[in-house]
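To start, the structure under review is shown below, and the notes come after it.
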Amino acid sequence: MAKLPVLFQHFFEHKGLDNNITFLGYLEHHYSNIPHTDNDEERDNQLPFKTHSFCAANILSPALPPSFGLTFKKTYQLIPQQKVILNNDILVYSAYAGKIWQPPKSLILS
Numbered sequence: 006m007a008k009l010p011v012l013f014q015h016f017f018e019h020k021g022l023d024n025n026i027t028f029l030g031y032l033e034h035h036y037s038n039i040p041h042t043d044n045d046e047e048r049d050n051q052l053p054f055k056t057h058s059f060c061a062a063n064i065l066s067p068a069l070p071p072s073f074g075l076t077f078k079k080t081y082q083l084i085p086q087q088k089v090i091l092n093n094d095i096l097v098y099s100a101y102a103g104k105i106w107q108p109p110k111s112l113i114l115s
């Protein structure tokens, strides 16, 4: 989690070099098995899940730096209320509702 800012910072470094790169393209470029040659292997190894090193310093500060400037927007759509009409013919009658909690019956064949 602490390396997450490095992931975005490195993406913006690549975005500065190639304005057409998408975030998914960037992830594919760095996390697929296809070797890439952008001559920044030292910087690539700072990305999350690129090396197997683990220490307490990696988990101390998961927050993004204040100068990072990343904003998230929630998008949602209001669904208008609708009346739900139930047909009583398809409802399970209460006489049968309790039977599902009975244990299975064994069958003895002679």
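Each residue of the sequence shown is one higher than the one before, counting from 6 in my numbering.
Quick reminder that beta carbons are idealized off the backbone N, C-alpha and C, glycines included.
Computed from a prediction, not measured in an experiment: that's the story for all the values here.
Quiz item: CB L112 to CB P53, shorter than 8 Å?
Solution: The sequence position of residue 112 within the sequence shown is 107, counting from 1. The sequence position of residue 53 within the sequence shown is 48, counting from 1. Cβ atoms of L112 and P53: not closer than 8 Å.
Self-check item: Burial state of F28, where buried means 16 or more other Cβ atoms lie within 10 Å
Solution: Here residue 28 refers to the residue found at position 23 when the sequence shown is read from its first residue. F28 counts as exposed, since fewer than 16 other C-beta atoms from the protein chains shown sit within 10 angstroms of its C-beta.
Quiz prompt | Coarse secondary structure for P10, derived from DSSP in three states | solution = Start at 1 with the first residue of the sequence shown, and residue 10 comes out as number 5. The three-state secondary structure of P10, taken from DSSP, is helix.
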